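Q: Chains as they are written, first to last, in this note's numbering: chain U, 1 to 245; chain P, 246 to 585; chain E, 586 to 874.
The beta carbon of each residue, even a glycine, is placed where N, CA and C say it ideally should be.
All values reported here derive from a predicted model rather than from experimental measurement.
This is the structure, below, for whatever I ask next.
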Amino acid sequence: MSNKELYSPEGLRLDGRRWNELKSFTCKVNTHQTSSDGSSYVQQGNTKVMCKVNGPLEPKSKANSNNNNASITVNLNIASFSPVERRKRPKSDRRIKEMMTILEKTFSETVITKLYPRTQIIVDCYVLSQDGGILSAVANSVTLALIDAGIAMYDFVSSINVGLYNNSIPILDLNHLEEGDMSFLTLGIVGKSEKLAMMLLEEKIPFDKLETLLGIGISGAQRIKDLMDEELRKHGKLLISTAAS
Amino acid sequence: MEIITISKFNNNKGLNDEDEEMEDVSNNDQIVTPGELITEDTVWMRGHGTFALGNKTYSSVAGTILKVNKLLSVKPLKGRYTPETGDHIIGRVIEVGNRRWKVDIGARSDAVLLLGSVNLPGGILRRKSDTDELTMRNMLKEGDLLNCEVQSLFQDGSASLHTRSLKYGKLKNGIFLSVPRSLIIRSKNHSFVLQGNVSIILGVNGYIWIYKTPTVDNRLKTDSTASTASKLQSGVMGRQSGYQVGSGSVSLTRLEEESSWEIYSDKNDENISDAIRSNIIRYRNAIQALAHSQIGINESRINMAYEASMAYGSLGSLTEPEVMENISNDVLNGEKMRGS
Amino acid sequence: MVKLAGLSLNEQEFLTDSLKQGIRSDGRSLDQFRDVEITLGDQPGYVDVRLGKTRVAVRVSGSITKPYEDRPFEGIFTISTEIGPIAGAFFENGRPSDEEVLVSRLIEKAIKRSGALDVEGLCIVAGDKCWNIRADIHFMDFDGGFIDASCIGVITALQHFSRPEVTVSGEQVVVYSTDEREPVKLSILHVPICVTFALFNPKEKEENIKGGADGNEEAGEFAIVDATMKEEGLSNGTLTITMNKNKEICQISKSGGLPAEGLMVMDCANKAYGIVEKLTDQIKEVLKQ
Chain U
1 MSNKELYSPE
11 GLRLDGRRWN
21 ELKSFTCKVN
31 THQTSSDGSS
41 YVQQGNTKVM
51 CKVNGPLEPK
61 SKANSNNNNA
71 SITVNLNIAS
81 FSPVERRKRP
91 KSDRRIKEMM
101 TILEKTFSET
111 VITKLYPRTQ
121 IIVDCYVLSQ
131 DGGILSAVAN
141 SVTLALIDAG
151 IAMYDFVSSI
161 NVGLYNNSIP
171 ILDLNHLEEG
181 DMSFLTLGIV
191 GKSEKLAMML
201 LEEKIPFDKL
211 ETLLGIGISG
221 AQRIKDLMDE
231 ELRKHGKLLI
241 STAAS
Chain P
246 MEIITISKFN
256 NNKGLNDEDE
266 EMEDVSNNDQ
276 IVTPGELITE
286 DTVWMRGHGT
296 FALGNKTYSS
306 VAGTILKVNK
316 LLSVKPLKGR
326 YTPETGDHII
336 GRVIEVGNRR
346 WKVDIGARSD
356 AVLLLGSVNL
366 PGGILRRKSD
376 TDELTMRNML
386 KEGDLLNCEV
396 QSLFQDGSAS
406 LHTRSLKYGK
416 LKNGIFLSVP
426 RSLIIRSKNH
436 SFVLQGNVSI
446 ILGVNGYIWI
456 YKTPTVDNRL
466 KTDSTASTAS
476 KLQSGVMGRQ
486 SGYQVGSGSV
496 SLTRLEEESS
506 WEIYSDKNDE
516 NISDAIRSNI
526 IRYRNAIQAL
536 AHSQIGINES
546 RINMAYEASM
556 AYGSLGSLTE
566 PEVMENISND
576 VLNGEKMRGS
Chain E
586 MVKLAGLSLN
596 EQEFLTDSLK
606 QGIRSDGRSL
616 DQFRDVEITL
626 GDQPGYVDVR
636 LGKTRVAVRV
646 SGSITKPYED
656 RPFEGIFTIS
666 TEIGPIAGAF
676 FENGRPSDEE
686 VLVSRLIEKA
696 IKRSGALDVE
706 GLCIVAGDKC
716 WNIRADIHFM
726 DFDGGFIDAS
736 CIGVITALQH
746 FSRPEVTVSG
756 EQVVVYSTDE
766 REPVKLSILH
776 VPICVTFALF
786 NPKEKEENIK
796 GGADGNEEAG
806 EFAIVDATMK
816 EEGLSNGTLT
826 ITMNKNKEIC
836 QISKSGGLPA
846 EGLMVMDCAN
856 KAYGIVEKLT
866 DQIKEVLKQ
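Written as structure tokens, this is what we have:
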């Protein structure tokens, strides 16, 4: 299962990172000013994700109207050119549907939905390029876009994945080669706490390693939260300096 | 690449040092983000953009802290339009319903415009009749843009509109432009007459209408010529007879009646010159340049942007990103020089 | 999991408060799994699992087909789920709802992706012939705990099933009927068991998010094992942990819902292990008969 070259004896990974280093993280908000209420772009290594939020607005259909809360609809679009080998994934793909449901359920808890009764919040995500950690990158971009749209939230949701190499060495923020070769845990935390908003493990790990992985993942996600927060403040300062009159 | 220092999994929570610096609340341009602790002081009443747990008040949006007396709220940097009574806005009819129109005003929920809140054709002082209910689509139909005021708000925050003033009503002779709502600052007046025979309505909801300035002269002319055509156009046969009764005399009522039909006409004026058309486009692109750079929009800035845009001959070039940035820089520099 | 109809706000609050005090309507403690009743069918591969009122029927069958082109040395293993109105009026026929997709994905991950069935052993002629093992899960009655029950059902049925003996000589593949030669058991590498926790937040949402931070009081979220339908409807989210007796975690899924403290998840995992041990032994007992 594991491949020796993924982690050298000197402690370096394929792309030269150490076990606890994140991929380079950049994000932008307000990228689609005219077509959405809030938008963002997140790049984690070579994983590139775009997200647009529209709402809260009048529900498109009665089924999405709830008298007490806003309903959140997430659409996830994975571009066929995003993986290394071109591959078309239909929207009905169960994995994509699963991710959409997870995102909807996660953000329904962190957005203060009770403030927007009888409305709908539509979130559209586009994965432009995949290099591991799609779900994490998408979750991060949704957080940013929701905040950019001025939608009230209890806190950030920041997400990252952690893998376990050779059943012994934990590795943070995997790229797609690493993801293909080891079990990994994807987690999303709320704000700077240790509260898990979402958590997904799809392959086997020894039970006694779970705690280590969680700990490292939480630290990583907290770092991501700081980076997103920084970008938001920078963007806010810029807005205030020009828009104020 | 980011280096992570691993904290002990079991370590305590709330290690956010920034929180402590924020203890004293001050009215400045300090930006807060969701989940950030604003204050532990209980004297504050919590307004929009905040949530509370015990003594602590947290921010729920990214924005600036706003204090009014003892009310503490966070003003989001962006967000959908929240209607307030008296707002001068522009809306688009999306549904004709039972004695009401549903109007999209870019808010969380659609606004309603009751049949009783519009100027009925056939005189301002006329009572509404059953025929009016049947001919609602002849006044305003799906897709029509209108210029209106927020009359009142419902419990859930949605708006009820009215157009009961001569300055409100259906929009024509121009183009529509939508900018981020936050760029438009609420002021006393939201409609302006600009140079070059162009007028503008800056809806508080971020919807903008730029159109040919209606002239008194033009108004008289349309009264006598265009109105008959427009009436036939809108196909209001039912009212035709009433109109013909008064057709012999040029009474005030007739003028009123004609003009009020005129306000719901689907026809633009015939005499919009090329010069005016290009002026309208130039204004549009100038405003878009301001919006591109996230600059607040008001009358003087529109004028300045318009003048700055004169340096570029071709209207098309105004949509290029560099040009838009140049224009907005010119505006900001111009403001600095004037010391405003 | 299922939209709860017919519980008034007061009733909901009463039940949640009771749970907070550790009282469940069926008298169990919060971390007690319901008694599992596993009935083996007459034919190999048919298993009927009852978990309280929840009832799941699993049928494993096998046929010979061509393997997937990208995996010539492996057999095929598919799991299909069928949730219809027979399980409860709130399940609709036709297009699977989002919840159903999650359930079937979860079962697939727990058993198929964790490699419980040795698919390489299903190969007959590389790239040409292999066994296609199919597990059909039918939900017969619902009172919470679908995932847990169907996981037990599938893994028991796989162990119960036996395929006919096959020999290969040159190009010839001979399948022997069960009378001619003793059928062969499938090789099962480990026994994954799912344990689902329902998460509850006794207080307001604000307290859940900010509890414990900035010196706030802990919100006191808690989790209960093996929720019934009513409890599932009341809960604010679920956490499913799949483990085997070798202390390996095969899968964890917390798809949104109530944010939970990392420590709580660890605690749940510990509880899950105890239950997994017990259930694995029970399955072994049943199969011995």
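1) Could you check whether the Cβ of D799(E) sits closer than 7 Å to any Cβ belonging to chain P?
2) Can you give the beta carbon distance from L232(U) to V29(U), rounded, assuming they're within the 8 Å contact cut?
3) Put L128(U) into one of helix, strand or coil per three-state DSSP.
4) Can you check whether the C-beta of L282(P) is within less than 7 Å of a C-beta belonging to chain E?
5) Which bits of chain P does F107(U) rub up against, with CB to CB less than 9 Å?
6) Taking the alpha helix (DSSP H) that K581(P) belongs to, which residues open and close that run?
7) Check each residue of the stretch 761 to 792 of chain E: if its Cβ is closer than 7 Å to any Cβ of chain P, include it; give the result in chain order.
8) Would you say P59(U) lies against chain P (beta-carbon separation less than 7 Å)?
9) In this structure, how does DSSP classify I218(U) when only helix, strand and coil are distinguished?
10) Which word fits I608(E), buried or exposed, when buried means at least 16 other C-beta atoms lie within 10 angstroms of its C-beta?
11) Starting from the Cα of F296(P), find the closest Cα among G308(P), L311(P), V288(P) and P279(P) and give me that residue.
12) Go through the stretch 735 to 820 of chain E residue by residue and report every complete run of the beta strand (DSSP E) that reaches 3 residues or more, in order.
13) Taking the DSSP output, what are the residues bridged to S427(P)?
14) Drop a sphere of 10 angstroms on the beta-carbon of F724(E), count the other beta-carbons inside from all chains shown, and report buried for 16 or more, exposed for fewer.
15) Which bits of chain P does K795(E) rub up against, with CB to CB less than 8 Å?
16) Please report how far the alpha carbon of S772(E) lies from the alpha carbon of Q744(E), in whole angstroms.
17) With a threshold of 7 Å between beta carbons, is K320(P) in contact with chain U?
18) Would you kindly work out how many angstroms separate the C-alpha atoms of K830(E) and D627(E), rounded to a whole number?
19) Which of the three DSSP states, helix, strand or coil, is assigned to Y858(E)?
20) Note down, in chain order, all residues in the stretch 151 to 184 of chain U with a beta-carbon under 7 Å from any beta-carbon belonging to chain P.
21) Is there a Cβ from chain E that is less than 7 Å from the Cβ of I72(U)?
22) Where Y126(U) and E685(E) are concerned, what is the direct C-alpha to C-alpha distance, given to the nearest angstrom?
23) For A720(E), list the residues DSSP reports as bridge partners.
24) Between A307(P) and chain U, is any beta-carbon pair separated by less than 7 Å?
25) Grouping DSSP H, G and I as helix and E and B as strand, with all else coil, what is N20(U)?
26) For chain P, find out if any of its Cβ atoms is closer than 7 Å to the Cβ of T31(U); answer yes or no.
27) Between the C-alpha atoms of L106(U) and V190(U), what's the straight-line distance to the nearest angstrom?
28) Would you decide whether Q489(P) is buried or exposed? Buried here means 16 or more other CB atoms lie within 10 Å of its CB.
29) Determine which residues of the stretch 203 to 228 of chain U have a Cβ less than 8 Å from any Cβ of chain E, and write them out in chain order.
30) DSSP state of K873(E), grouped into three classes?
31) Taking the alpha-carbon of Y413(P) as reference, which of E329(P), R291(P), G561(P) and G336(P) has the nearest alpha-carbon?
32) Rounded to the nearest angstrom, what separates V306(P) and G448(P) at their Cα positions?
33) So, does the CB of L600(E) fall closer than 7 Å to a CB anywhere in chain U?
34) So, with DSSP's three-state summary, where would you put R325(P)?
35) Between P90(U) and chain P, is the shortest Cβ-Cβ distance under 7 Å, so that the two count as touching?
A: Inspection of the coordinates gives the following:
1) Residue mapping note: residue 799(E) aligns to position 214 of the third sequence, counting from 1. True, the Cβ-Cβ gap to chain P drops below 7 Å.
2) Looking up residue 232(U) in the first sequence gives position 232. Looking up residue 29(U) in the first sequence gives position 29. Indeed they touch by this definition, with Cβ atoms about 6 Å apart.
3) As a first step, residue 128(U) is located in the first sequence; it is residue number 128 there, counting from the start. Taken through DSSP and simplified to helix, strand or coil, L128(U) comes out as strand.
4) The residue labelled residue 282(P) in the question sits at position 37 within the second sequence. Yes, its Cβ sits closer than 7 Å to a Cβ of chain E.
5) For the purposes of this step, residue 107(U) is taken as the residue at position 107 of the first sequence. In chain order: nothing, as chain P lies at least about 12 Å away.
6) Residue 581(P) sits at position 336 when you count from the first residue of the second sequence. Taken as a continuous stretch (DSSP letters only), the alpha helix (DSSP H) holding K581(P) covers P566 to R583.
7) E791 and E792
8) Position 59 of the first sequence, counted from the start, is the residue given in the question as residue 59(U). Not one chain P Cβ lies under 7 Å of P59(U).
9) On the first sequence, position 218 is the one that residue 218(U) refers to. If DSSP states are grouped into helix, strand and coil, I218(U) belongs with the helices.
10) Locating residue 608(E) in the third sequence gives position 23, counting from the first residue. Burial call: exposed.
11) Taking the second sequence and counting its residues from 1, one reaches residue 296(P) at position 51. Cα-wise, what sits closest to F296(P) is P279(P).
12) 751 to 754, 757 to 760, 778 to 785 and 807 to 810
13) As a position in the second sequence, residue 427(P) is number 182, starting the count at 1. Note: S427(P) sits in no beta bridge, so no partner.
14) The residue you call residue 724(E) lines up with position 139 of the third sequence. With 16 or more other Cβ atoms within 10 Å, it is buried.
15) Locating residue 795(E) in the third sequence gives position 210, where the first residue counts as 1. Residues of chain P passing the Cβ test: G280, L298, K301 and Y303.
16) As a first step, residue 772(E) is located in the third sequence; it is residue number 187 there, counting from the start. As a first step, residue 744(E) is located in the third sequence; it is residue number 159 there, counting from the start. Each residue's alpha carbon lies about 8 Å from the other.
17) The count along the second sequence starts at 1 and reaches residue 320(P) at position 75. Answer no: the Cβ-Cβ gap between K320(P) and chain U never drops below 7 Å.
18) For the purposes of this step, residue 830(E) is taken as residue 245 along the third sequence, with counting starting at 1. For the purposes of this step, residue 627(E) is taken as residue 42 along the third sequence, with counting starting at 1. Straight-line Cα distance between these residues: approximately 28 Å.
19) The residue labelled residue 858(E) in the question sits at position 273 within the third sequence. Note: Y858(E) maps to helix in three-state DSSP.
20) A152, M153, Y154, D155, F156 and L172
21) Counting from 1 along the first sequence, the entry for residue 72(U) is found at position 72. Answer no: the Cβ-Cβ gap between I72(U) and chain E never drops below 7 Å.
22) To locate residue 126(U), count along the first sequence from 1; it is residue 126. To locate residue 685(E), count along the third sequence from 1; it is residue 100. If you take the alpha carbons of Y126(U) and E685(E), they lie about 24 Å apart.
23) On the third sequence, residue 720(E) is found 135 positions in, with the first residue counted as 1. Residue pairing by DSSP places A720(E) opposite V645(E) and I664(E) in a beta bridge.
24) Walking along the second sequence from the start, residue 307(P) turns up at place 62. Judged by the 7 Å Cβ criterion, A307(P) is in contact with chain U.
25) Residue 20(U) sits at position 20 when you count from the first residue of the first sequence. Annotated three-state conformation of N20(U) is coil, per DSSP.
26) Your numbering for residue 31(U) matches position 31 in the first sequence. Closer than 7 Å: no.
27) Position 106 of the first sequence holds residue 106(U). Position 190 of the first sequence holds residue 190(U). Per the sequence presented here, residue 106(U) reads as Thr, with Leu not at that position. Approximately 10 Å between the Cα atoms of the pair.
28) Within the second sequence, the letter at position 244 stands for residue 489(P). The predicted model places Q489(P) with a pLDDT of 43, which falls under 50 and marks its position as unreliable, so this point remains unresolved.
29) E203, K204, I205, P206, F207, D208, L210, E211, L214, G215 and I218
30) Indexing the third sequence from 1 puts residue 873(E) at position 288. Under the three-state reduction of DSSP output, K873(E) falls in the helix class.
31) Within the second sequence, residue 413(P) is the residue found at index 168, counting from 1. Nearest of E329(P), R291(P), G561(P) and G336(P) to Y413(P), Cα basis: G336(P).
32) Position 61 of the second sequence, counted from the first residue, corresponds to residue 306(P). Position 203 of the second sequence, counted from the first residue, corresponds to residue 448(P). V306(P) and G448(P): Cα-Cα distance of roughly 24 Å.
33) Position 15 of the third sequence, counting from 1, holds the residue named residue 600(E). So, not an interface residue.
34) The residue given as residue 325(P) occupies position 80 in the second sequence. R325(P): coil per DSSP, three-state reduction.
35) Counting from one through the first sequence, the residue named residue 90(U) turns up at place 90. Not closer than 7 Å to any Cβ of chain P, the Cβ of P90(U) fails to qualify, so no.
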